[in-house]
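Have a look at the structure below before the remarks.
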């Protein structure tokens, strides 16, 4: 068992985030299981992942000495050029264009080939990150699913990460735009206002009334190009729930092509046979910043754009060439 006291610098964050930082090499599956097994306590009481820690809280994590040593090993430092596209960078912020199929964080397998590790290698090469300094690690302010491509924002400084995290949480001064290829013909713009709830055990998200624990979720969509059998749509997230776009579009019978959890499995099988592509055809295409200041001041009024990946565009062309209005 390891006991630690929350200081001012760690106060205000959720228990899950603190444990991930405290055990940086622990697989996510191990951390989630520890919460489920009540192996993480605060002030002697079992807490959920979203419990907010306060200064002076005593956190106990029930791990063996061997696990503690393994999970707290410093991450090997590797100075490397960034292998992916950088859509924007200044001294405080890096916005990367994540390829489809790449994890933002590690998963339960402990895979090292993640966007986050590539960012740290790159910043170490530039002298903007020191793996021996545990006071701050550049991190993403949000995440994308493994099979969603597009823009991911990293705070290179503590001030920038806090500002970005608040920005994505409050949403008043940022607009997120996605592009998706969906099944069926969408002729006009629309709005989906359906609360969502995530099942903690299965990880699956479903439509759920607010009175039964659902959380407000709103998506706006508009057709960009219609092909008859498919439609390329532009999506605006007004809230940021897990799997929101995928569940919302499936709920109106226009699932995202390639979605292996909420989509049309017969369509997905056909798409793979024709294009070789797997995973949802969903791309985080644009981040538009409003009146931001401080560490984010250089982003004020900017629109950061990432084009659809070439392989995804080629697959869309293959599919839509067989379909017309």
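Numbering (the numbering used here), first residue to last: 69 to 393. Cβ atoms here follow ideal geometry from the backbone N, Cα and C, with glycine treated the same way.
In this structure, 185 is the residue among 306, 110 and 185 with its C-alpha nearest to the C-alpha of residue 149. Distance between residue 76 and residue 123, taken at the CA atoms: about 5 Å. For the pair residue 265 and residue 218, the CB atoms are not nearer than the 8 Å cut-off. Sequence-distant Cβ neighbours of residue 364 in its own chain, meaning closer than 8 Å and more than five residues away, are 160, 161, 228, 231, 232, 235 and 357. Residue 275 sits in a strand when the DSSP states are folded into three classes.
Scanning 214, 69 and 277 for the CA closest to the CA of residue 109 turns up 69.
Take residue 170, set aside five residues on each side of it, and the residues of its chain with a beta-carbon closer than 6 Å to its own are 183, in chain order.
By alpha-carbon distance to residue 306, the top candidate from 381, 195, 263 and 107 is 263. Take the alpha-carbon of residue 73 and the one of residue 379: they are about 49 Å apart.
In this model, residue 318 and residue 335 are separated by some 13 Å (Cα to Cα). A residue is called buried when at least 16 other Cβ atoms come within 10 angstroms of its Cβ; residue 154 does not meet this threshold and is exposed.
Across the set 388, 82 and 352, the C-alpha of 352 shows the shortest separation from the C-alpha of residue 377. Taking 4 residues as the shortest admissible run, the region 213 to 242 contains the following complete alpha helix (DSSP H) segments, listed from N- to C-terminal end: 226 to 238. A straight line joining the alpha-carbon of residue 120 with that of residue 302 spans about 35 Å.
Here residue 140 has 90, 91, 92 and 93 as same chain residues with Cβ atoms under 8 Å from its own Cβ, once five neighbours each way along the sequence are excluded. Residue 189 and residue 146 do touch by the CB rule: their CB atoms are close to 5 Å apart, below 8 Å.
Going by beta carbons, residue 163 and residue 313 fall outside the 8 Å limit.
Of the other Cβ atoms in all chains shown, fewer than 16 fall within 10 Å of the Cβ of residue 337; this residue is therefore exposed. Exposure of residue 333 is indicated by the presence of fewer than 16 other C-beta atoms within 10 angstroms of its C-beta.
DSSP places residue 385 in the helix class (H, G or I) of the three-state scheme. For residue 386, the closest C-alpha among the options 350, 339 and 370 is that of 339. With a threshold of 16 other beta carbon atoms within 10 Å, residue 101 falls short and is exposed.
Per DSSP, reduced to three states, the secondary structure at residue 246 is strand. Residue environment: residue 206 is assigned as buried (16 or more neighbouring CB atoms within 10 Å of its CB, all protein chains considered). Taking the Cα of residue 248 as reference, the smallest distance to any Cα among 360, 348, 97 and 134 is reached at 348.
Beta-bridge partners of residue 128 (DSSP): 71 and 109. Collapsing the DSSP output to three states places residue 136 in a helix. Taken in chain order, the complete alpha helix (DSSP H) segments of 4 or more residues contained in the region 296 to 338 are 312 to 319. For residue 261, the enclosing beta strand (DSSP E) begins and ends at 258 to 261.
Counting along the chain, residue 90 sits inside the alpha helix (DSSP H) bounded by residues 83 to 90.
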